[in-house]
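> Input: one structure, supplied below.
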Amino acid sequence: MSWRLRFEPLLRPLMQGHWRRTRGLTLGVQGVVFNAGGKVGLVRHTYRPGWHFPGGGVERGETVHQALDRELCEEAGVKPAAAPQLFHLYSNEAKFRGDHIALFIVRSWQACPPDHRDEIAETGWFDPAALPHGTAPAARARLAEIQDAQPVSDHW
């Protein structure tokens, strides 16, 4: 069992308290990556349930594009081959006050060696119309916004 799975629920409140004191807001990036067949790439983490878009936090000194490149390669083994399209910037207040997620669409990419570090249990490519059981509600909602022209929410 991954250390993150065991300790993340205990450490997260402590880290969030630290982040609240030291940061006005936090910013994360996620990528909706499509392959040539139109399937979407999703990851399943070792420390939280469900299928999600690959992504993570923007580190100090990084741009959102650098963070997206790093996270996509680490988690999903893909590197954008062309500039990703910024789809929307979402508030993620329900999870953490002051948190925001920049969601990018990636349609052109090349493979790179992933570096999961026990963070990713599984990756997969799925038909957007037949997502796997356990796909995060936010991922389903974002795909509906992108592919089905549903109204875009400001909240993750």
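180 is the number of the first residue of the sequence shown in this note's numbering; add one for each residue after it. Glycine residues also receive a C-beta, built at the ideal position from the N, C-alpha and C atoms. Just so you know, these numbers come straight off a predicted model, no measurement behind them.
Taking DSSP's pairing of strands, which residues face Ser287 in a bridge?
Its beta-bridge partners do not exist; DSSP assigns none.
> So, using beta-carbon positions, are Thr302 and Ala255 closer together than 7 angstroms?
yes
> Of the choices Ala318, Asn214, His295 and Pro228, whose alpha-carbon is the least far from that of Arg286?
Asn214
> In terms of residues, what are the limits of the alpha helix (DSSP H) holding Glu140?
Since the first residue shown for the chain is 180 and the last is 335, residue 140 is missing from the structure and cannot be characterised.
> Relative to the C-alpha of Asp327, which candidate in Pro307, Asp333 and His312 has its C-alpha closest?
Pro307
> Shortest alpha-carbon distance to Tyr339 belongs to which of Ala262, Gln245 and Leu189?
Any answer about residue 339 is impossible in this case: the structure gives the chain only from 180 up to 335.
> For Ala281, which option in Pro192, Val211, Ala300 and Gly203 has the closest C-alpha, if you only look at C-alpha atoms?
Val211
> State the Cα-Cα distance for the pair Val331 and Ala318, rounded to the nearest angstrom.
13 angstroms
> State yes or no: is the C-beta of Gln209 within less than 7 angstroms of the C-beta of Gly234?
yes
> Identify, in the order they occur along the chain, each residue of the same chain with its Cβ nearer than 6 angstroms to the Cβ of Arg223, setting aside the five sequence neighbours on each side.
Scanning its chain for C-beta atoms nearer than 6 angstroms, with the 5 sequence neighbours on each side dropped, one finds around Arg223 the residues Trp230, Ala300 and Glu301, in chain order.
> Grab me the residues of His334's own chain with a C-beta within less than 6 angstroms of its C-beta, minus the 5 sequence neighbours each way, in chain order.
Ser270
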